[in-house]
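Working notes for the structure below.
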Amino acid sequence: MSTTLTTDFTSVRNHNERAVYDAVLRQAERYPGLQHNPELLADVACVALNRLPPRYIRHEVDFVFYLSERERGESERQLAEAVEYAFGFVQARTAMRARG
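Residue numbering for the sequence shown follows the numbering used here, starting at 145 and increasing by one per position.
Following this line, the structure appears as structure tokens:
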């Protein structure tokens, strides 16, 4: 006889998603050609997320509790670099398409 375990995984998420979305929205004003285009901002978020390791959590406190101060600082640095790169990448691709 087997027992079926039913588990709800909807609380599991990648911490970097919310952090990247927030960073993209905060920095969008620095990129006038992108800031009012939701499609391009979503592209920026995708590029940034693909440059970061996933950080799966269930609750925000998990992220804070399980990382050292040094690890949190490194994670924030990586996130900032990924978002900056992503804005540059999407901006350059958009400019190339416009010339094309």
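Beta carbons are placed, not taken as given, at the ideal position from N, Cα and C, and that holds for glycine. Fair warning: this is a prediction, and the values are worked out from it, not measured in the lab.
How would you label Tyr-200, buried or exposed, when you count the other beta carbons within 10 angstroms and need 16 or more for buried?
That one is exposed.
Excluding the five sequence neighbours on either side, which residues of its own chain have a C-beta within less than 6 angstroms of the C-beta of Arg-237, listed in chain order?
Taking C-beta separations shorter than 6 angstroms and ignoring five residues to either side along the sequence, Arg-237 has no partners in its chain.
Can you give the Cα-Cα distance for His-159 and Glu-183, rounded to whole angstroms?
Rounded to the nearest angstrom, the two C-alpha atoms are 22 angstroms apart.
Name, in chain order, the residues that DSSP records as bridge partners for Tyr-200.
In the DSSP output, where bridge partners are listed per residue, Tyr-200 has Asn-158.
Please report the distance separating the alpha-carbon of Gln-222 from that of Ser-155.
It is roughly 24 angstroms from the alpha-carbon of Gln-222 to the alpha-carbon of Ser-155.
Three-state secondary structure assigned by DSSP to Ser-219
Under the three-state reduction of DSSP output, Ser-219 falls in the helix class.
Give the single residue among Val-208, Arg-157, Val-164 whose Cα lies nearest to the Cα of Asp-187.
Considering only Val-208, Arg-157, Val-164, the residue with the shortest C-alpha distance to Asp-187 is Val-164.
Tell me whether the stretch 203–218 and the stretch 227–235 touch, counting them as touching only if at least three CB pairs, one residue from each stretch, are closer than 8 angstroms.
Output reads no: the stretch 227–235 does not touch the stretch 203–218.
CB Ala-172 to CB Gln-179, shorter than 8 angstroms?
Contact flag set, yes.
Assuming Leu-185 contacts Val-168 under a Cβ cut-off of 8 angstroms, what Cβ separation, rounded to an integer in Å, is found between them?
About 6 angstroms separates the two Cβ atoms, so the contact holds.
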